[in-house]
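Reading through the structure tokens given below for one structure.
Numbering (the UniProt record's numbering), first residue to last: 1 to 691.
Below is the structure:
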């Protein structure tokens with residue numbers, strides 16, 4: 001008989017924790033939730049104060065049986081699910097299933113899976129926090145009411161398999177609203193004049209600023225001609241020189257939202273992938289002699305706070321690795337988003353001393369890349385600001401003013417370790433100007449006008465959409481990845497060049513929801529609902545009152561929608577290709593992994609074909625087929641012959657039509673970190689890298 005039974009969610013976590021706790025403890029995994037609302041019906045008794053009816057999840061019977069057997073042999077049971085609402089709810093469901101008193105000290109929580117953190121948490125067990133459980137239940141019931149009331153109407157009036165939800169519908173609205181902005185955008189013409197100037201033998205760049213000390217816009221070619229006509233000769237006088245020292249502060253440690261954004265920018269990870277790998281790093285990695293160790297703190301958080309112990313260890317590391325001058329001298333409290341719950345720490349390495357380079361042999365490529373990102377971001381957040389010398393120079397010729405800006409890193413500070421990525425922006429580089437003083441004369445080398453047009457706002461990337469949802473107070477850390485996944489799986493949006501594009505189906509569904517359920521896609525309403533749920537967690541609000549106030553109006557809208565919503569016929573999108581089996585026309589369909597072609601004679605004919613994209617290159621292996629773009633099971637693009645399986649030519653790099661000038665073999669376009677490079681597959685021929 002073991003003295004203590006500890007129940008966690010995952011086997012990986014169980015293995016790590018059991019090693020830390022010793023022989024008296026047996027650690028078992030519940031594999032997530034063991035109970036939930038039934039899938040086949042609503043599972044909420046509206047007449048009895050929205051009482052939920054929970055059942056054992058299909059397939060969890062044997063797991064629950066094993067846990068009950070282990071519980072009978074233990075003197076005491078500890079429930080150690082994750083430290084958030086969902087984890088508290090899992091602990092409560094386990095307590096209900098195993099007859100554990102929820103008011104006993106049965107609950108242990110920890111923010112990181114390390115020996116010290118685990119041992120300390122077991123010194124301070126507590127009772128199950130019912131406010132957290134109620135907040136999770138309220139969200140689950142609310143989402144069940146919305147989903148199970150609206151979805152059947154959409155199935156009946158539009159097509160089967162559709163769904164609606166509070167967070168996913170707002171996300172869809174954001175994508176569609178942005179598309180409308182782009183379609184309605186009217187570009188405006190503007191011009192710039194860029195000049196290349198000489199000071200002695202040194203060249204520098206400056207752009208037109210204005211006239212007689214006033215900034216001016218160039219709206220047409222006529223404006224440009226007037227300015228160029230005023231420039232008298234090539235000599236420009238240095239009218240003003242401003243030199244300043246500017247400080248740049250490091251980014252705060254990661255939250256769930258910011259890690260998803262940065263992993264998308266720097267690693268090209270989807271939100272779902274980021275969270276999956278972060279979970280692995282949190283639950284523990286086998287480090288060999290050291291055993292299985294959790295490498296990062298809990299990855300579902302909206303707090304940027306860090307513990308004093310972590311800050312102290314980081315300070316020691318920075319001082320020894322880079323020098324004391326690189327250590328941040330200011331210890332101000334971390335700034336929080338107004339919606340942050342601050343339940344636990346930011347995402348950080350459990351030990352700064354576990355450097356990414358030391359873990360390259362035990363982590364997979366993607367695990368190492370994400371861990372390095374987390375480690376560098378945290379270390380940089382504890383470092384001194386970077387110091388930049390900036391210089392602004394105004395050049396004058398007959399009242400026409402050009403301005404040059406330069407900057408140089410005087411002290412790199414945190415930039416020695418990490419610089420935060422930005423959407424659609426190039427990395428900041430030194431722009432050094434020559435030594436210029438007021439009264440100096442410089443010569444214009446070239447002055448070139450250029451026509452431009454204003455651009456519409458960009459479509460949402462995953463990173464941008466997550467950031468926007470967070471700023472609006474929509475959803476919480478655990479909801480971002482599944483929300484983005486759902487709107488894609490339902491066929492409401494597609495990804496084009498890593499940006500969300502709404503589909504016709506997405507537009508139809510949103511229109512119907514806007515007409516009959518406007519509060520569901522109302523940003524302010526949804527954000528207020530999130531705050532109300534936070535109020536339940538804080539113990540300030542009763543969850544039944546929140547559900548009741550919502551459902552009173554919502555139920556009336558459901559009755560109206562059932563009676564008045566018109567059926568929508570979605571016409572098939574023909575692919576222009578005949579079925580190989582029966583000759584009927586093929587149509588485009590949306591599946592779990594994106595668009596594909598299916599026979600319009602379904603269900604009599606079930607023929608399907610992938611959509612292939614020809615790139616205009618003959619197969620170099622068989623010289624009969626054409627090279628087409630395909631996608632692997634992991635959604636990675638590769639190139640192969642359209643005569644497969646007769647011809648098995650494949651390439652991860654895009655083949656080109658032209659041949660290598662040195663050996664006449666195939667040239668490919670190889671994707672690099674900062675662009676693409678054309679190179680030969682056979683010899684050392686390479687062309688200059690293109691951005």
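For every residue, glycine included, the Cβ atom is placed at its ideal position computed from N, Cα and C.
The structure displayed is predicted, hence computed values, not measured ones.
Is the beta carbon of residue j closer than 9 angstroms to that of residue i?
i	j	result
residue 408	residue 435	no
residue 6	residue 31	no
residue 302	residue 476	yes
residue 20	residue 119	yes
residue 17	residue 113	yes
residue 380	residue 502	no
residue 9	residue 87	yes
residue 512	residue 172	no
residue 530	residue 616	no
residue 461	residue 489	no
residue 526	residue 166	yes
residue 80	residue 110	yes
residue 107	residue 85	no
residue 554	residue 145	yes
residue 322	residue 417	yes
residue 611	residue 588	yes
residue 241	residue 438	yes
residue 393	residue 354	no
residue 143	residue 191	no
If you run the structure through DSSP and keep just helix, strand and coil, what is residue i?
i	result
residue 100	coil
residue 210	strand
residue 221	helix
residue 679	strand
residue 452	strand
residue 237	strand
residue 401	strand
residue 84	coil
residue 655	strand
residue 196	strand
residue 29	strand
residue 482	helix
residue 442	strand
residue 203	strand
Can you tell which of the options has the C-alpha that lies nearest to the C-alpha of residue i?
i	options	result
residue 692	35, 57, 253 and 563	With the chain represented from 1 up to 691, any question about residue 692 goes unanswered, as that position is not in the structure.
residue 378	397, 348 and 481	348
residue 395	461, 659 and 204	204
residue 614	585, 607 and 654	654
residue 29	104, 11, 22 and 40	11
residue 637	659, 670, 96 and 608	670
residue 27	78, 294, 528 and 658	78
residue 305	574, 256, 629 and 497	256
residue 151	433, 561, 606 and 687	561
residue 46	544, 330, 117 and 362	544
Output needed for residue i: all residues of its chain with C-beta closer than 7 angstroms, excluding positions within five of it in sequence on either side, in chain order.
i	result
residue 277	366, 367 and 370
residue 413	326, 383, 384, 385, 386 and 387
residue 567	157
residue 52	37, 43, 44, 137 and 141
residue 621	641, 647 and 649
Using a Cβ-Cβ cutoff of less than 6 angstroms, which residues in the same chain neighbour residue i once the five nearest sequence positions on both sides are dropped?
i	result
residue 54	35
residue 428	Note that residue 428 has pLDDT 49, beneath the 50 cutoff, so the model's placement of it is unreliable and no number is given.
residue 194	207 and 448
residue 317	352
residue 682	663 and 665
residue 467	261
residue 626	614 and 642
residue 340	No answer about residue 340 holds up, because its pLDDT of 45 lies below 50 and its placement is not dependable.
residue 169	513, 520 and 521
residue 275	481
Counting only the same chain and skipping the five closest in sequence on each side, list residues whose C-beta sits under 8 angstroms from that of residue i.
i	result
residue 538	131
residue 541	532 and 535
residue 57	33, 34, 35 and 36
Give a yes or no on whether 9 angstroms exceeds the smallest Cβ distance from residue i to chain C.
i	result
residue 7	Here chain C cannot be found, since the structure has a single protein chain.
Q) Three or more C-beta pairs closer than 8 angstroms, one from the stretch 80-92 and one from the stretch 132-148: is that the case here? A) yes
Q.
Can you confirm whether the stretch 221-241 touches the stretch 399-406 when touching is taken to mean that 3 or more C-beta pairs between the two stretches lie within less than 8 angstroms?
A. yes
Q.
Does the contact criterion of 3 or more C-beta pairs under 8 angstroms hold for the stretch 566-582 versus the stretch 593-605?
A. yes
Q: Spell out a yes or no on whether the stretch 513-522 and the stretch 546-558 are touching, meaning 3 or more CB-CB pairs, one atom from each, closer than 8 angstroms.
A: yes
Q. Does the pairing of the stretch 235-248 with the stretch 436-444 give three or more beta-carbon distances under 8 angstroms?
A. yes
Q. Should the stretch 169-187 be regarded as contacting the stretch 209-216, the criterion being three or more beta carbon pairs within less than 8 angstroms?
A. no
Q | Cβ contact check for the stretch 157-172 and the stretch 58-75: 3 or more pairs under 8 angstroms | A | no
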